[in-house]
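Just so you know, we're using this note's numbering here: the sequence shown kicks off at 23 and counts up by one. Every residue gets a Cβ at the ideal spot worked out from N, C-alpha and C, and that includes glycine. Nothing here was measured: the structure is a model prediction, and the numbers come from that model. Written below as C-alpha cells is the structure these notes are about.
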Amino acid sequence: MPPEICVRPGECHVWTARAVSVSEDLAVLLDAGERRVYEALTGERVRAQYVTAHALLRTVLGRVLDRDPASLEFAAGPHGKPYLRDGSVEFSLSHSGELVAVALALGAPVGVDVERVPEPAAELPLPVLSAEERAVFDRVPGPERSAAFAAYWVRKEAVLKATGVGLRVDPARLTVSAPERPAELLGWRGREEAVRAGAGREEAVPPHPSVRLYDLDAGSGYRGAVALLGGAHRIVPRVVSSVRC
Ligand SMILES: CC(C)(COP(=O)(O)OP(=O)(O)OC[C@H]1O[C@@H](n2cnc3c(N)ncnc32)[C@H](O)[C@@H]1OP(=O)(O)O)[C@@H](O)C(=O)NCCC(=O)NCCS
Numbered sequence: 023m024p025p026e027i028c029v030r031p032g033e034c035h036v037w038t039a040r041a042v043s044v045s046e047d048l049a050v051l052l053d054a055g056e057r058r059v060y061e062a063l064t065g066e067r068v069r070a071q072y073v074t075a076h077a078l079l080r081t082v083l084g085r086v087l088d089r090d091p092a093s094l095e096f097a098a099g100p101h102g103k104p105y106l107r108d109g110s111v112e113f114s115l116s117h118s119g120e121l122v123a124v125a126l127a128l129g130a131p132v133g134v135d136v137e138r139v140p141e142p143a144a145e146l147p148l149p150v151l152s153a154e155e156r157a158v159f160d161r162v163p164g165p166e167r168s169a170a171f172a173a174y175w176v177r178k179e180a181v182l183k184a185t186g187v188g189l190r191v192d193p194a195r196l197t198v199s200a201p202e203r204p205a206e207l208l209g210w211r212g213r214e215e216a217v218r219a220g221a222g223r224e225e226a227v228p229p230h231p232s233v234r235l236y237d238l239d240a241g242s243g244y245r246g247a248v249a250l251l252g253g254a255h256r257i258v259p260r261v262v263s264s265v266r267c
C-alpha cells in the first residue's frame, strides 16, 4: 500500500498544529528518551508543546514512510539537531506559545522556526540582530517592532537549525532580509568558524547560493520561517486541526 502522505523531491511540507493541552493519549507515541524529557518538564504549556510536537512529528513521519510512528528511532547531531536513524527524510520541529510546527523534506537539510510575537511592552533582545539588520529595525515604527523582531528571529533561527549548529552560533552573525522583503539570507560572518564548530558538510554552511529561506503563514500573533539547504523548494503548508494518534 502506498504511504498516506507523499513528499516529492523539491517539496517541503510544513505542518502546524495547536498545542492547547497535555494529552496522555499522545504520550504513548513517545520513546523512552522523549518520555523522560516530557515527564521532567514542568508547566502545562511546555508539556503540551513537547508532547504535541513530538507526536505530530512521529505521526507525519509514520505516514510518509508508511511506518508505525512509535517505532521510529531518532538520534541527534553534535549540537542537538535530531535525525532519523535510518534517515531518508530530513525534518525539523519548533514550538512556541500554543503553536508547533514540523517541516519535512527529502535530501535537503531543513530548519523550521515559529515564534510567538512578543508583547508590545516586552524588552527585545536586540543584540541578536546584525548591524545591517539593526539599521533597518531602528526605523520600524514602535507598534510594529515586536512583529518585525519576530520575523527577523525566525528567519535567522530557521537557517541555524537547518545547518544544525543552532544557537551555538551567534545569530548576530547572520543577516537576513528586512521583514517586508522576501525572506533571504544575505550574509553570515565567520562562516569558516561555523564549519569548525561542527556544522558538518562545508557546503551546508551559508552564505551559499543553495540556502533558501521562506516565510510561513503561522497565523495571528506568530511568525514562522523555514530554511532549506540545497536549492529551491515548493513549500506545502498543512494545518492540522488536532493531533491524534
Ligand atoms: C535548537 C535551538 C535553536 C532551539 O531553539 P528554541 O527556539 O528554544 O526551540 P524550537 O522550539 O524552535 O526548537 C526546538 C527543537 O529544535 C530541535 N533542535 C535541537 N537542537 C537543534 C539543532 N542544533 N539544530 C536544529 N534543530 C535542533 C529539537 O527538535 C528541538 O525540539 P525538542 O526540544 O522538543 O526536542 C537551541 O536550543 C539550540 O541552538 N540548541 C543547540 C545548541 C547547543 O547548545 N547544544 C548543546 C548540545 S552540544
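Per-residue DSSP class, three states only, for residue i
| i | result |
| --- | --- |
| Gly212 | coil |
| Arg138 | strand |
| Glu33 | strand |
| Asp47 | helix |
| His76 | helix |
| Ala144 | coil |
| Ala125 | strand |
| Arg161 | coil |
| Gly55 | helix |
| Pro131 | coil |
| Arg107 | coil |
Sequence-distant residues of the same chain with beta carbon closer than 6 angstroms to residue i, five excluded per side
| i | result |
| --- | --- |
| Arg40 | Glu120 |
| Leu126 | Val29, His35, Val111 and Phe113 |
| His268 | Outside the shown range of the chain, which is 23 to 267, sits residue 268, and nothing can be said about it. |
Residue i, buried or exposed, once every other Cβ within 10 Å from all chains shown has been counted against 16
| i | result |
| --- | --- |
| Gly243 | exposed |
| Ala54 | exposed |
| Thr197 | buried |
| Ser199 | buried |
Residue from the options whose Cα sits closest to the Cα of residue i
| i | options | result |
| --- | --- | --- |
| Gly109 | Ala123, Arg89, Ser116 and Val122 | Arg89 |
| Val262 | Leu52, Thr74 and Pro165 | Thr74 |
| Gly32 | Ser232, Asp135, Ala180 and Pro163 | Ser232 |
| Ser152 | Ala169, Lys178 and Leu128 | Lys178 |
| Val50 | Glu26, Val176, Ala62 and Thr81 | Thr81 |
| Glu145 | Trp37, Ser168 and Val136 | Ser168 |
| Asp239 | Gly209, Ala123, Val132 and Val191 | Ala123 |
| Ala249 | Asp192, Tyr174, Arg190 and Val265 | Tyr174 |
Proximity test, Cβ basis, 8 angstroms: residue i and chain C
| i | result |
| --- | --- |
| Leu151 | Of the protein chains in the structure, only one exists, and it is not chain C. |
Short Cβ contact (8 angstroms threshold) for residue i with residue j
| i | j | result |
| --- | --- | --- |
| Ala247 | Ala205 | yes |
| Ala194 | Val150 | yes |
| Arg85 | Glu95 | no |
| Leu182 | Val176 | no |
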